[in-house]
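In what follows, a structure is listed as C-alpha cells, so that the remarks can point back to it.
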Amino acid sequence: MLILVTNDDGILSPGLSVLADTLAELGRVVVVAPDRERSAIGHSLTLHAPLRAEQIKKDVFSVSGTPTDCVNLALHGLLDERPDIVVSGINRGGNLGDDITYSGTVAAAMEATLMDVAAFAISLESKTFNAEDFVHAADFAAGLVRQVVEHGLPTDTFLNVNVPAGEVRSVQLTRQGKRNYNEVVEAKLDPRGKKYYWIGGGELGFHNVEGTDFHAIVNQAVSVTPLHLDLTNYRSFDELSSWEIDTLVPGQGDDK
Ligand code: MN
Numbered sequence: 004m005l006i007l008v009t010n011d012d013g014i015l016s017p018g019l020s021v022l023a024d025t026l027a028e029l030g031r032v033v034v035v036a037p038d039r040e041r042s043a044i045g046h047s048l049t050l051h052a053p054l055r056a057e058q059i060k061k062d063v064f065s066v067s068g069t070p071t072d073c074v075n076l077a078l079h080g081l082l083d084e085r086p087d088i089v090v091s092g093i094n095r096g097g098n099l100g101d102d103i104t105y106s107g108t109v110a111a112a113m114e115a116t117l118m119d120v121a122a123f124a125i126s127l128e129s130k131t132f133n134a135e136d137f138v139h140a141a142d143f144a145a146g147l148v149r150q151v152v153e154h155g156l157p158t159d160t161f162l163n164v165n166v167p168a169g170e171v172r173s174v175q176l177t178r179q180g181k182r183n184y185n186e187v188v189e190a191k192l193d194p195r196g197k198k199y200y201w202i203g204g205g206e207l208g209f210h211n212v213e214g215t216d217f218h219a220i221v222n223q224a225v226s227v228t229p230l231h232l233d234l235t236n237y238r239s240f241d242e243l244s245s246w247e248i249d250t251l252v253p254g255q256g257d258d259k
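Here it is in C-alpha cells:
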C-alpha cells in the first residue's frame, strides 16, 4: 500500500511525524508537506510563483507551497505511482463546523478527492496537545486507512475526522456543525502608535446540536464527517425557484 501524508502545520509538526510513523506499519508512507505552517490557507493553489520540493530523506519532501500544492505536486511529479490513500494531519487543533472552509488540512484531502484518490483529514481537538493524544489519533487514522482501503469511499466523498483529547468514549458519524462567529477581530496599537488588527483572538462558541461534529467532540467521541465537493444547497431549490431569476437575462431588453 502507498500512503501519501501531508498537513498544513508544516513538515516539522509533531502531528505529522506520529501519523507518518504509525501509518508506516500499513505500507510505504511518502510525506509531502509544506516547509512552514500554512494553517487556514484553505484550498489555495500556487499559480504565480515557482514551487520547490526539497527531499529531506527517503520518502520525505518539504515543499515551499500550500497543502493543496503538496498533494498536486505529489500526484503529478514526486510520486512514481498513485497512492492508495491521502491522509492529511494530524492537525494541531480541531477542524469543526464552518472552520473546515478555512482549513488547509481539510483542503489537502479535498484536493486528493478532486484527483480521484481516497482521502481523509484528521485533527486533534485539544488545549494541551499531549503526545499521548496524538498517538490515539494516529492509531485511529491507521484503523481508518484499513477500512477506507477495504470498503472504498462513496463517490466524490472524503472524511473529516476530529479526535478529542483525553479518553475517547466512542466514534460517531456526524454532520458539519456551526460556529458562532462574533467579536473575533481585535484592534490594537503597534509600538509606533499605528492601529493593527488581529483575526481570531478569542474563544469561539458553537451550536451544541446532537449529531454534529462539535457535539461528538464535547462528548469525548471521535467525529467522522463525510464531506463532498458539491457545494450546491439542494434544499434551497424550492425557495429560490419562486424568484424571477429567469427574467434577468443580460442583453435581452426589458421594460425598465
Ligand atoms: Mn493547522
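Position one of the sequence shown corresponds to residue 4 (the numbering used here), numbered consecutively onward. For glycine and all other residues, C-beta sits at the position ideal for the given N, C-alpha and C.
Of the residues the options, the one placed nearest residue i, counting alpha carbons only
{"i": "F161", "options": "M4, A111 and R172", "result": "A111"}
{"i": "K60", "options": "V35, A124, H210 and I103", "result": "V35"}
{"i": "T25", "options": "G92, V109 and Y237", "result": "G92"}
{"i": "L99", "options": "D62, I6, P229 and A141", "result": "P229"}
{"i": "L15", "options": "D38, K181, H79 and N133", "result": "D38"}
{"i": "A27", "options": "A121, T131, L76 and V148", "result": "V148"}
{"i": "P53", "options": "H46, I44 and T69", "result": "T69"}
{"i": "K130", "options": "N163, C73, E206 and Y200", "result": "E206"}
{"i": "W201", "options": "K191, H210 and G208", "result": "K191"}
{"i": "G155", "options": "V188, F123, H46 and G18", "result": "F123"}
{"i": "G180", "options": "I220, T215 and E170", "result": "T215"}
{"i": "H210", "options": "R182, T235 and V225", "result": "R182"}
{"i": "H79", "options": "E213, V120 and E40", "result": "V120"}
{"i": "V171", "options": "Y184, G196 and F143", "result": "F143"}
{"i": "Y184", "options": "A168, D101 and E128", "result": "D101"}
{"i": "E40", "options": "V21, D11 and T158", "result": "D11"}
{"i": "T270", "options": "N75, E128 and E153", "result": "Here the chain has residues from 4 to 259 only, and residue 270 is not among them."}
{"i": "V174", "options": "H139, E135, V227 and A140", "result": "V227"}
{"i": "G96", "options": "I125, H139 and G169", "result": "I125"}
Residue i versus residue j: straight-line alpha-carbon distance, rounded
{"i": "L243", "j": "P194", "result": "51 Å"}
{"i": "V252", "j": "D233", "result": "26 Å"}
{"i": "M1", "j": "G203", "result": "Residue coverage of the chain in this structure runs from 4 to 259, which leaves residue 1 outside it and unanswerable."}
{"i": "Y237", "j": "I103", "result": "20 Å"}
{"i": "V8", "j": "L82", "result": "12 Å"}
{"i": "Q223", "j": "L176", "result": "13 Å"}
{"i": "V57", "j": "V63", "result": "Per the sequence presented here, residue 57 reads as Glu, with Val not at that position. One C-alpha to the other measures close to 8 Å."}
{"i": "M4", "j": "C73", "result": "20 Å"}
{"i": "G107", "j": "Q255", "result": "43 Å"}
{"i": "P167", "j": "S67", "result": "31 Å"}
{"i": "I88", "j": "S65", "result": "19 Å"}
{"i": "P17", "j": "N94", "result": "9 Å"}
{"i": "G208", "j": "F217", "result": "10 Å"}
Residue i (DSSP reduced to helix, strand or coil)
{"i": "H210", "result": "coil"}
{"i": "P86", "result": "coil"}
{"i": "T104", "result": "helix"}
{"i": "L26", "result": "helix"}
{"i": "A111", "result": "helix"}
{"i": "S126", "result": "strand"}
{"i": "G92", "result": "strand"}
{"i": "P157", "result": "coil"}
{"i": "L19", "result": "helix"}
{"i": "I14", "result": "coil"}
{"i": "V116", "result": "The amino acid at residue 116 is misidentified as Val; the sequence shows Thr. It is helical."}
{"i": "L176", "result": "strand"}
{"i": "L81", "result": "helix"}
Where the alpha helix (DSSP H) containing residue i begins and where it ends
{"i": "A141", "result": "A134 to H154"}
{"i": "T71", "result": "P70 to L76"}
Boundaries of the beta strand (DSSP E) in which residue i is found, first to last residue
{"i": "A43", "result": "Taken as a continuous stretch (DSSP letters only), A43 belongs to no beta strand (DSSP E), as it is neither H nor E."}
{"i": "G196", "result": "Neither: G196 is in no beta strand (DSSP E) and is coded neither H nor E."}
{"i": "A219", "result": "Run containing A219: none in the beta strand (DSSP E); it sits in the alpha helix (DSSP H), D216 to V221."}
{"i": "L243", "result": "No beta strand (DSSP E) contains L243, which is instead part of the alpha helix (DSSP H) from F240 to L243."}
{"i": "K60", "result": "A56 to K60"}
{"i": "H51", "result": "Run containing H51: none; DSSP gives neither H nor E here."}
{"i": "A168", "result": "Per DSSP, A168 belongs to no beta strand (DSSP E) and is neither H nor E."}
{"i": "I6", "result": "L5 to T9"}
{"i": "Q255", "result": "Here Q255 belongs to no beta strand (DSSP E), and DSSP marks it neither H nor E."}
{"i": "T228", "result": "A224 to H231"}
{"i": "L234", "result": "That residue, L234, is in no beta strand (DSSP E); it is neither H nor E in DSSP."}
{"i": "V63", "result": "V63 to V66"}
Q. What is the chain-ordered set of residues for which the beta carbon lies under 5 Å from any non-hydrogen atom of the ligand MN?
A. D11, D12, S42 and N94
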